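Protein chains: 2
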Amino acid sequence: MDLTATPTPSLLLDRDRLERNVSAMQARMDASGIGLRPHLKTAKSIDVARLAIQKGAHGVTVSTLKEARYFFDNGVKDILYAVGIVAGKLPEAAALIERGCDLKVVTDNVDTAKAIAATETPIRCLIEVDTGGARAGIQAEGPELLDIGKTLGARLAGVMTHAGHSYGTADIAEIKRIAEDERAGAVRAAERLRAAGLSCDIVSAGSTPTAIHGENRTGLTEFRPGVYVFQDLFQVAINSSARDDLALSVLASVIGHNKTAGTILLDAGGLALSKDSGANGHRPGVGYGEVCAPETLTHHAGLFVADVHQEHGIVPITSEDDYTRLPIGAKVRILPNHACMTAAAYEDYIVLQADQPPTRWGRINGW
Amino acid sequence: MDLTATPTPSLLLDRDRLERNVSAMQARMDASGIGLRPHLKTAKSIDVARLAIQKGAHGVTVSTLKEARYFFDNGVKDILYAVGIVAGKLPEAAALIERGCDLKVVTDNVDTAKAIAATETPIRCLIEVDTGGARAGIQAEGPELLDIGKTLGARLAGVMTHAGHSYGTADIAEIKRIAEDERAGAVRAAERLRAAGLSCDIVSAGSTPTAIHGENRTGLTEFRPGVYVFQDLFQVAINSSARDDLALSVLASVIGHNKTAGTILLDAGGLALSKDSGANGHRPGVGYGEVCAPETLTHHAGLFVADVHQEHGIVPITSEDDYTRLPIGAKVRILPNHACMTAAAYEDYIVLQADQPPTRWGRINGW
C-alpha cells in the first residue's frame, strides 16, 4: 500500500479487516439465533451500514436523529435511535416516520412516554432498562417499567439495555457475568411487560464486549454492538479485540524532532486522534495511540503518542536511533484508543484494500 | 434570550462577550505597540476573523492549510501557518502563494528549510524557537538557528515561539516569568540571526495567558493568542480569564433522571463537549463543564458534567431538588473546559446578541 501521496492527517480504514469484523459478529449473532442491529455511532457511514446489512444485519442503531435521517435517505428503513428522546425532538422523529422510516425511539420516563403516546403520527418506542451501567434506564424490577409501558400502550415496541460497564473490566469472566446481567435484565423487563398484558416484540441488548464474550442470549431478539466494526486499542486493552482486528488508523507525518526534549512530533494531535485516553486505564503507557509503520501497521516498538496538543502529537523516543528510523517527513500510522471519538473529527475515510486503489467513504457528523 | 426552539446539542456564541474579548486583546497589544495576529485554530470562522481584523489585527494565524485556504478564499491575505510544515505540504502552500496569499510557514529543522529554499514559488518561513514549552522549536542559543537561517536565506521571514507551558500554572507571577522567557527567547533568536547578517522582520510570540499577564513586549513585532476570543473554564482555572468573559457554551437538553444513580442525563456528551478534562488539573471537580441556566449563564450551583459517553453527559445531583429544578426536557447551557476542542465538533455557531435574532456563523473543520 503506497501512502506517499496521501495527505496527513487522514483517517484510514482497512476494508479487509472491517469486513472480517462485520462477518465475525454476524456469525456470532447467527449462532445465537438473534438479530444484529449494529450501532452506527462508530462508523456513521452508509457504506459500513450497507456492508453490515449485506452480511445479515436486520436494521441499524443510531445515536443522533441526524444519523437517522442520513441512513434513511440512503435507503435504510429499520432504525433505532438509542439515546433517550425528549418531547422537543418528537416532531423530527415523526417527520421521518411520515416519510416511511421504521424509526423507533427510546425512553426511560413517564413524562416522555406521555408525549410519545400523544403524537399524531404513531411513534414506536422501546423502554430503556439499566442492567448495571448506571447511565440511562430504569430498573427491570422497578415500578416505573409498567407505568411507562402502560403509558405507551400500543406504541410500546419493546425494551432495550446497554451494558456500558462491560468497558470497565478486562477480566473476561467478569465480562461474561455482565453479559448475563444485561441479558437477564432485558428479558426480565420484557416478561414483566408481557405479564401485564403489554406486547414487547423487541428485546434488545448489547455492547461489543458482551457481544464478544456473552454466551447465553436466550430471550433476546437482537444485539447492538458498535465499535466492533473498527475495534480499537481500548477493546484490545479489555480483551475484546485482537490487535490484528483494528481496522481504523490515522496517517500522520513526522513534522519535527525535538532533540532537547527527546521527542518526535507528528501532525496528528488532539483533534486528529481525539483526547480520549481511555485505554490507559487498562494498559498504562499507551497514551493516545501506538505509532506504527504505515504499510504494515507493525508497531514501532516503544513508540506511543504520549501527549497531544491541538495539531501536534508528541512521541517520546526510546533511543536516538528513533530519529533515524523516523526522519522528518516520514509517515506513520497511529492505532487510536477509541475509534468512535477519533473518527468523529473526519469528514470521510480513505478506504484501503489490497490490490485496489483507495476509495473514500463519507461520514455523517454533528447534530 | 429565548432558546426554546433551538435544537440540542448546539454551539452557542455570545457576540457581545466575543467582541469585548477581541477589543480588550487588541487594546492590550496596541498599548504594547505590537501587532496582533490572532490564532484562529480556536474559532475557525471568517466572521470571527473579520471582527478581529476590524478591531485592528494585521493578520491571522492558522493551524491547518485547510484553514489557510478558507481564510484566503474569504479575503484574508496575511496568514501564518504556525504548525511545522513538511516537504510534502509545500506544493499546497505554494499554490496559495501563487494565488496571491501572503502565507508564511514555520520550520525548526534544516531538512525542511532546504526543501523550502528549493521551491520554485518563493515561500517565506519563520524559524520556530522553543522558549520552554518543549513542544516544537530549536533553542534560541543553539547552533541550529543559524544553520536554518542560512539555509532559508532570503526566504527567512522571522522567528516565532509559543509558550504553551503558560497553560501549566495558575500562578500569575509564574505566568509573568514564562511570558518574559517567551519574549526574551524570541528576541534573542532574532538578534542572533541579524548579527549573522540575516534579515528577521517578524518576531512573533504568544499564548493567551502570556498575552493577558505579560508586561514587557520589547523587541516583539506581534502576538498570537488564540483562545482569548472565546475563553473557557481552563483559562478561568489558570487565572487568564474571568468567568464572565466566556463567550462559548453548549446548549443541551435534560434527557433523563437516573434516580437510582442520582444523576441527571444530558444530550451533550463526549462529542458535544469534547473529552478534554484539562481544567480539572487546576480546578478539581469541574469535570467536563459547568451546568448553567440557559438564559443567564448562571451556574446551577454544584452541578457539573462529571462524566461523558458519546452522546450522554452525566450530571450527579446535589439533592433531590435538582430533579425539580431540571425536569426532563429542560434546557441548560454548559460552559466547556476547552473551547478549541469543544467547538471542533460543530459545523457552525449559533450567534446570540441582545435584542437581535440569532444568526449562524460557519466553521472550517478537518484537514
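Protein chains in written order, with our numbering: chain A, 18 to 384; chain F, 18 to 384. Ideal placement from N, C-alpha and C gives every residue a C-beta, glycine not left out. A quick note: this is a predicted structure, and the numbers were derived from the prediction, not measured.
Asked                                                                                                                                                                                         : Found
Identify, in the order they occur along the chain, each residue of the same chain with its Cβ nearer than 7 Å to the Cβ of F:Thr168, setting aside the five sequence neighbours on each side. : Val127, Ala130, Lys131, Ala134
Which residues of chain A have a Cβ atom closer than 8 Å to the Cβ of F:Gly287, listed in chain order?                                                                                        : Asp293, Met358
What's the C-alpha gap between A:Asp262 and A:Phe247?                                                                                                                                         : 7 Å
Please name the residue in F:Thr359, F:Gln370, F:Gln43 whose C-alpha comes closest to that of F:Gly287.                                                                                       : F:Thr359
Going residue by residue through the segment 299 to 350 of chain F, where are the continuous beta strand (DSSP E) segments of at least 3 residues, counting only ones entirely within it?     : 307 to 309, 316 to 321, 330 to 333
Kindly indicate the opening and closing residues of the alpha helix (DSSP H) around F:Lys131.                                                                                                 : 127 to 134
From the beta carbon of F:Gly383, is the nearest beta carbon of chain A less than 9 Å away?                                                                                                   : yes
Can you tell me the Cα-Cα spacing of F:Ala180 and F:Val303, whole angstroms?                                                                                                                  : 25 Å
Applying the 10 Å Cβ sphere with the 16-neighbour rule, what's the burial state of F:Thr388?                                                                                                  : Here chain F covers residues 18 to 384 and nothing more, so residue 388 of chain F does not appear.
Using 8 Å as the threshold, is the segment 293 to 308 of chain F in touch with the segment 160 to 176 of chain A, meaning 3 or more CB pairs across them?                                     : no
Note down, in chain order, every chain A residue with its Cβ under 9 Å from the Cβ of F:Arg152.                                                                                               : Gly273, Asn275, Ala278, Thr280, Leu282, Asp324, His326, His329, Ile331
If distances are taken between C-alpha atoms only, which option among A:Ser49, A:Arg37, A:Pro26, A:Ile272 comes closest to A:Thr235?                                                          : A:Ser49
Against A:Ser270, what residues of chain F qualify as contacts under a CB-to-CB distance less than 7 Å, listed in chain order?                                                                : Val103, Gly105
Which residues in the same chain as A:Thr225 place their Cβ atom closer than 7 Å to its Cβ, once the five residues preceding and following it in sequence are excluded?                       : Pro242, Gly243, Val244, Tyr245, Gln252, Ser257
Enumerated in chain order, which unbroken segments of the alpha helix (DSSP H) with a length of 4 residues or greater are wholly contained in the segment 158 to 206 of chain A?              : 161 to 169
In whole angstroms, give me the CA-to-CA distance for A:Gly385 and A:Val93.                                                                                                                   : The requested residue 385 of chain A is not part of the displayed model; chain A covers only 18 to 384.
What residues of chain F sit near A:Asp372, judged by a beta carbon separation below 9 Å?                                                                                                     : The contacting residues do not exist; A:Asp372 stays about 25 Å from chain F at best.
If you draw a straight line from the alpha carbon of A:Ala91 to that of A:Lys58, how long is it in whole angstroms?                                                                           : The question names Ala, yet the displayed sequence has Asn at residue 91 of chain A. Cα-Cα distance, rounded: 16 Å.
Taking Cβ-Cβ distances shorter than 8 Å, what residues in chain A pair up with F:Ser224?                                                                                                      : Here the premise fails: no neighbours, minimum Cβ distance about 11 Å.
Mapping DSSP to helix, strand and coil, what is F:Asn38?                                                                                                                                      : helix
Can you name the start and end residues of the alpha helix (DSSP H) that A:Ile281 belongs to?                                                                                                 : It is not in any alpha helix (DSSP H) - A:Ile281 instead sits in the beta strand (DSSP E) that spans 280 to 283.
When the Cα atoms are used, what is the spatial distance from A:Glu328 to F:Glu199?                                                                                                           : 20 Å
Within 9 Å (strictly less), CB to CB, does F:Asn91 reach chain A?                                                                                                                             : no
Checking 9 Å against the spacing of the C-beta atoms, do F:Lys276 and F:Tyr340 come in under that value?                                                                                      : yes
Taking the DSSP output, what are the residues bridged to F:Ile96?                                                                                                                             : F:Val77, F:Leu120
Could you give the residue range of the alpha helix (DSSP H) that holds F:Tyr366?                                                                                                             : It is not in any alpha helix (DSSP H) - F:Tyr366 instead sits in the beta strand (DSSP E) that spans 365 to 369.
Taking the alpha carbon of F:Leu210 as the point to measure from, which residue in F:Tyr87, F:Glu191, F:Glu145 has its own alpha carbon closest?                                              : F:Glu145
Note down, in chain order, every chain A residue with its Cβ under 7 Å from the Cβ of F:Ser221.                                                                                               : In chain order: nothing, as chain A lies at least about 17 Å away.
Check for me: the alpha helix (DSSP H) holding A:Arg86 runs from which residue to which?                                                                                                      : 82 to 90
What do you get for A:Asn354, buried or exposed, if any count of 16 or more other CB atoms within 10 angstroms of its CB means buried?                                                        : buried
On the three-state DSSP scale, how would you describe F:Ala355?                                                                                                                               : Note on residue identity: the sequence assigns His, not Ala, to residue 355 of chain F. The answer is coil: DSSP assigns F:His355 none of H, G, I, E or B.
Can we say the segment 142 to 162 of chain F touches the segment 314 to 333 of chain A, given the rule of at least three CB pairs closer than 8 Å?                                            : yes
Measure the Cβ-Cβ separation of A:Ser62 and A:Trp384 and say whether it is below 9 Å.                                                                                                         : no
Answer yes or no: do F:Leu97 and F:Lys121 have a C-beta to C-beta separation smaller than 9 Å?                                                                                                : yes
How about A:Pro344: is its Cβ closer than 8 Å to a heavy atom in the ligand GDP?                                                                                                              : As far as ligands go, the structure on display features none, and thus does not contain the ligand GDP.
Does any residue of chain F have a CB that is nearer than 9 Å to the CB of A:Asp338?                                                                                                          : no
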